[in-house]
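Colleague: If you're matching them up, the sequences are chains A and B in order.
Going by the working numbering, the first residue of the first sequence is number 1, and it counts up by one from there.
Going by the working numbering, the first residue of the second sequence is number 1, and it counts up by one from there.
Heads up, the beta-carbon is just placed ideally off N, CA and C, and yes, glycines get one too.
Model, not experiment: these values are computed from the prediction.
Number of protein chains: 2
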Amino acid sequence: MEVIINYKLNREKLEKAAYILKTVAHPTRLAIVDLLSMNARLSVNDISETLEVEQSLLSHHLITMKLKGILRSEKEGQSVYYSLKEKDVPKLIECIEHCDCNM
Amino acid sequence: MEVIINYKLNREKLEKAAYILKTVAHPTRLAIVDLLSMNARLSVNDISETLEVEQSLLSHHLITMKLKGILRSEKEGQSVYYSLKEKDVPKLIECIEHCDCNM
DNA sequence: TGTATTTATGAAAAAGTGTTCATATATTTG
DNA sequence: CAAATATATGAACACTTTTTCATAAATACA
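#1: With a floor of 4 residues, list each alpha helix (DSSP H) that falls wholly inside the segment 28-59 of chain A, ordered by position along the chain.
#2: Within 8 Å (strictly less), CB to CB, does B:G69 reach chain A?
#3: In angstroms with no decimal places, state the Cα-to-Cα distance between B:I96 and B:Q78.
#4: Please confirm whether B:T64 has its beta-carbon closer than 8 Å to some beta-carbon of chain A.
#5: Compare the C-beta of A:E15 with all C-beta atoms of chain B and state if any pair is closer than 8 Å.
#6: Mind pulling the chain A residues with CB within less than 8 Å of B:E86?
#7: What's the gap between the Cα of A:A25 and the Cα of B:K75?
#8: Hey, is the segment 5-25 of chain A in contact with the segment 23-41 of chain B, meaning 3+ C-beta pairs nearer than 8 Å?
Set out below in structure tokens:
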């Protein structure tokens, strides 16, 4: 007996989605998204102090997120300001806040 | 000059969110969510054939997802049927489909 | 009972990620 | 120019995740 199975997403879309989700699926990186969803732009230093994350580590995270298209950055004097490029990303957090998974 | 910075999520919430996102942030696991969002329940074999994923690997994925509270399973005869436990999870895919990130 | 089918398990190998540290680069200021 | 400040970079390491493979366990069926 054969079962008819429905699905909507092709391999390519799934890979793109997983790629973006992976980029965000980390407490610090989620915190960055959260922070930037409420503050239009912040310097590396602002973020580092607020989240209490060491400068170099934070820089690595920010650059990864920029590379993957989630953030943008603009240099101004000594500082570099990061902001959310992808507005839909904070919605992920909202989606998940309702979930009731095992932890 | 001090900047006032707003944020909404505490460490605990961020960690929970990252945990759930990580569980889903994989092409095969996203495909499983997609599939089960359109088909109330499917056996391991159904999923394995549809996604063309080797049985043992799929089993590992399914068990992980169940363990983390995203799927449930029920045994019937030789088969084990999996279904979505966490209804909000497919929304993540939708959120992301609108994104225009770099790939 | 023996065989086929379906799913789970566990160990090992392979691949990927996160973190740290030392240092480089760029900019501002005295 | 020298010193201070802000950010980036790259290599090395530790750690986690993913995949593979061989095999076990449970059920169904001849």
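Modeller: This is what the structure gives:
#1: Within the segment 28-59 of chain A, the runs of alpha helix (DSSP H) at least 4 residues long that lie entirely inside it are, in chain order, 44-51.
#2: Position 69 of the second sequence, counting from 1, holds the residue named residue 69 of chain B. Yes, its Cβ sits closer than 8 Å to a Cβ of chain A.
#3: Numbered from its first residue, the second sequence carries residue 96 of chain B at position 96. Numbered from its first residue, the second sequence carries residue 78 of chain B at position 78. Rounded to whole angstroms, B:I96 to B:Q78 spans 36 Å at the Cα level.
#4: Sequence index remark: in the second sequence, residue 64 of chain B carries index 64 (1-based). So no, B:T64 is outside the interface.
#5: Your numbering for residue 15 of chain A matches position 15 in the first sequence. Residue contact with chain B for A:E15: present (Cβ-Cβ distance below 8 Å to some residue of chain B).
#6: Residue numbering aside, residue 86 of chain B sits at position 86 when the second sequence is read from its first letter. Correct list: C99, D100 and C101.
#7: Stepping through the first sequence from its first residue, residue 25 of chain A is reached at position 25. Stepping through the second sequence from its first residue, residue 75 of chain B is reached at position 75. So the two alpha carbons sit approximately 32 Å from each other.
#8: The segment 5-25 of chain A is in contact with the segment 23-41 of chain B.
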